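Under my numbering, the first residue of the sequence shown carries the number 30, and numbering increases by one thereafter.
Read through the structure below, which is laid out as C-alpha cells, and then see the notes.
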Amino acid sequence: MLSGPVGRTIRLLSAEGPSPHYRSEAWLIPGLTVNMVHASQMGMTGSGSINGRDDLYLNIPLDSFSYCVTQAGREVVAAKGSAATSLSGEAYTVTSGAFAAQPREGRALTLVLDRALLRDLVRNEDSMVAGHVVPSTPALPLLISYVTALSQIDDALPSQMARTVARHSAELVALALGPSAHAREAAREESLGAARLAHARRYIAENLADPQLSEEKLSRLLGVSVSSIRKDFERSGQSLGRYVREQRIKKAAALLSDPRSLAMKIIDIAFLSGFSDISTFNRAFARQFGCSPREFRAERIGKSAPS
C-alpha cells in the first residue's frame, strides 16, 4: 500500500520492469500538496475520501511518461504537455505506461488542491471528473513553473504567505481547467504575474549562458508584452536586468568555488555564465564580491587554478 494525503488510501495495483518503484517527494501547505513523483510503469487505485476531504488531483506528466485516469465511467490519457484530473470523493484508477514506446520509469507532478479554493473559479466543475487539460493550454506551463519553484522552498511559509500561495495556485489551476469569468478577473494580475515570474526565472536559470537573453525573448516565451515582464520583475523588487546579472554572478561564483572546475579558465567561466566579454565580467564580479574572480577562486580552492 502507498501512503497518500490524509483521508485518502492509494493502493498499488501492478508494476512492470526489473525494479518497479513509486517515490513521491511532497511539499505541503494548508489546502495544497505538491508531489514530485518518480515511478515505474504501474497501476494505482484511489479508494475515495474516507474522512470527508474534497480534493482535486491534477496529474501532470513531465517527460515521455503518460497517465491514464479512469473515474465515474470516464477515461482520459495525459502525456507530456497535458494533464489529467480526478476528484477525491469518488474511486479512481490511474495507470502509467499508456504508450508502449515510453521508458520504464518517468516523472510527474501531482497537485492535491482543496476544492474549496476552487469555488466559483471553474466554469464547469463536472469537467474535473477524469478531466483533461490539453497541451495548448497557456496556463499549464505557468502552473508547472510556479509549483516547481514552490517545491524547492525549504523553510516553512508564514501563514499569510501560505494562504496567498494556495490562492495563486488555485487560480492558475482554474485557468488551466476552464475558468469562470470571476477566476479570469481574479487571476489577471497577481496570480498570473507570480506565475509568469516563476516561469521567467526558471527559463533564465536554464539559459544563463545565452548572451542574447533579453526582455524581448522572455516576452515571446510567455506570450505577453515587454512592459508586463518589466512590471512582474519590478513587483518582486528588482529589474530583469539586475536579476539576470545577479544570477550570472552567482553561477560564476559557484564555478569558481568548485574544485571540479579547476581546469576551466576564468574567461571560459565568464562566457559559460553569460558574459560576452571578460572586462564586463571582472567589473561586475568585483562590485559584487570586492575582489577579482582570480582572487576569489584562489581564496576558496587554492592558487594553482588557471587564470
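Where is the CB? At the ideal position from N, CA and C, for every residue including glycine.
Bear in mind the structure is a predicted one, so any value in this text is a computation, not a measurement.
Between residue 170 and the rest of its own chain, which residues show a CB-CB distance below 7 angstroms, the 5 nearest in sequence each way excluded? 228
Among 98, 197, 84, which residue has its Cα nearest to the Cα of residue 141? 84
May I have a chain-ordered list of the beta strand (DSSP E) segments no shorter than 3 residues that lie completely inside the stretch 115 to 190? 121 to 125, 134 to 143
So, with DSSP's three-state summary, where would you put residue 261? helix
Within this structure, are the beta carbons of residue 162 and residue 191 separated by less than 8 angstroms? no
Coarse secondary structure for residue 75, derived from DSSP in three states: strand
Look at the Cβ atom of residue 100, then the Cβ atom of residue 178, and state whether they are nearer than 8 angstroms. no
Can you name, in chain order, every residue of its own chain whose Cβ lies under 6 angstroms from the Cβ of residue 328, other than the five neighbours on each side? none
So, using beta-carbon positions, are residue 226 and residue 261 closer together than 8 angstroms? yes
Strand pairing of residue 226, partner residues [DSSP]: According to DSSP, which records beta bridges pairwise, residue 226 is partnered with nothing at all.
Among the residues of its own chain, which have a CB less than 7 angstroms from the CB of residue 172, if the five just before and after it don't count? 201, 202, 205, 224
Assign residue 303 to one of two classes, buried (16 or more other C-beta atoms within 10 Å of its C-beta) or exposed (fewer than that). buried
Could you give the distance in angstroms between the alpha-carbon of residue 156 and the alpha-carbon of residue 322? 56 angstroms
Simplified DSSP assignment, three categories, for residue 106: strand
If we count the other Cβ atoms within 10 Å of its Cβ and call it buried at 16 or more, is residue 89 buried or exposed? buried
For the putative contact between residue 180 and residue 63, defined by C-beta atoms under 8 angstroms, what is the C-beta separation to the nearest angstrom? 5 angstroms
Tell me the DSSP secondary structure of residue 242 in three-state form. coil
Tell me whether residue 198 is buried or exposed, calling it buried when 16 or more other Cβ atoms sit within 10 Å of its Cβ. buried
Have a look at the DSSP bridge pairing and note the partners of residue 196. DSSP lists no partner for residue 196.
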